[in-house]
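Peer 1: Going by full-length UniProt numbering, the first residue of the sequence shown is number 1, and it counts up by one from there. Note that beta-carbon positions come from the ideal geometry of N, C-alpha and C, so glycine has one too. There's a structure below that I have some questions on.
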Amino acid sequence: MSLPAGDGPETGPAAGPDAARPPLILASASPRRLDLLARLGIVPDRVDPADLDETPRKAEEPRRLAQRLARAKAAAVAARSPGCLVLAADTVVGVGRRILGKPADATEARRFLDLLSGRRHRVTTGVALVTPDGRLRERVVETTLAFHRLTDAQAEGYVASGEWEGKAGGYAIHQRAEVFVRFLSGSHSNVVGLPLFETAQLLRGVGWLHP
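So, in structure tokens, the structure goes:
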């Protein structure tokens, strides 16, 4: 569901501390999303992660899952944050219709790497923004990428590094795993966890961020 732009004044970080704009809440504990927002010159007024069950539904596709969870996270935090602008996101890694979540342990992380090795896969991020009056704005962004064929030493070394922990798909493109990527089409920041172009569009659309 995509709703029309708000009619409020066009304000944002550049407008100064006295600008009449609602507080921005990031409904995520991800340090990567905080870092990405900082590239736009944005520091959320508050970080308030939504605690939701992220288990995929039966036969749910990666795109649907990312969109559903982003909406649910934004709605949950907005319900307890009256008068605020709530930004939420969810990133899903998929190989075909198979969803690769956050590995439970090193064994699963290695299985994920073996599956991704030499193959294309897709990273999808749902971004949801709920305005103080309850309107929902959203984007779903997909990036296609491929790893080169990993050697056993590369896979074992990466698992031993621990970078896979807490990462969808079991890797972090902004760290060591970037050297695995032989092809990428689309938004790089989307793979990290927040597509910056589309996020900026959403914030501009509600008058929170200056062009």
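For Gly12, count neighbouring C-beta atoms within 10 Å of its own C-beta (all shown protein chains included) and say buried if the count is 16 or more, exposed if not.
Peer 2: Taking the first residue of the sequence shown as position 1, residue 12 is located at position 12. Low per-residue confidence applies at Gly12: pLDDT is 41, beneath 50, and the placement is therefore not dependable enough to give any value.
Peer 1: What residue does the alpha helix (DSSP H) around Val191 start on, and which one ends it?
Peer 2: Position 191 of the sequence shown, counted from the start, is the residue given in the question as residue 191. It spans His188 to Val192 - the alpha helix (DSSP H) in which Val191 sits, taken as one unbroken run.
Peer 1: For a test of the three-state rule: what should DSSP assign to Val179, helix, strand or coil?
Peer 2: Here residue 179 refers to the residue found at position 179 when the sequence shown is read from its first residue. Three-state DSSP puts Val179 in a helix.
Peer 1: Exposed or buried, Asp90, counting other C-beta atoms within 10 Å across all chains shown (16 or more means buried)?
Peer 2: Position 90 of the sequence shown, counted from the first residue, corresponds to residue 90. Answer is buried; the Cβ neighbour count reaches 16.
Peer 1: So which of Leu196, Trp208 and Gly157 has the shortest CA-CA distance to Arg176?
Peer 2: Counting from one through the sequence shown, the residue named residue 176 turns up at place 176. It is Gly157.
Peer 1: DSSP has Asp90 in a bridge; who is on the other side?
Peer 2: Reading the sequence shown from its first residue, position 90 is the one you call residue 90. Partner(s): Gly126.
Peer 1: Using CA atoms only, rank isn't needed, just tell me which of Ala106, Arg111 and Leu87 is closest to Val127.
Peer 2: Reading the sequence shown from its first residue, position 127 is the one you call residue 127. Out of Ala106, Arg111 and Leu87, Leu87 has the C-alpha closest to the C-alpha of Val127.
Peer 1: Mind checking Glu165: buried by the 16 CB within 10 Å criterion, or exposed?
Peer 2: Within the sequence shown, numbered from 1, the residue matching residue 165 stands at position 165. When all chains shown are included, Glu165 counts as exposed.
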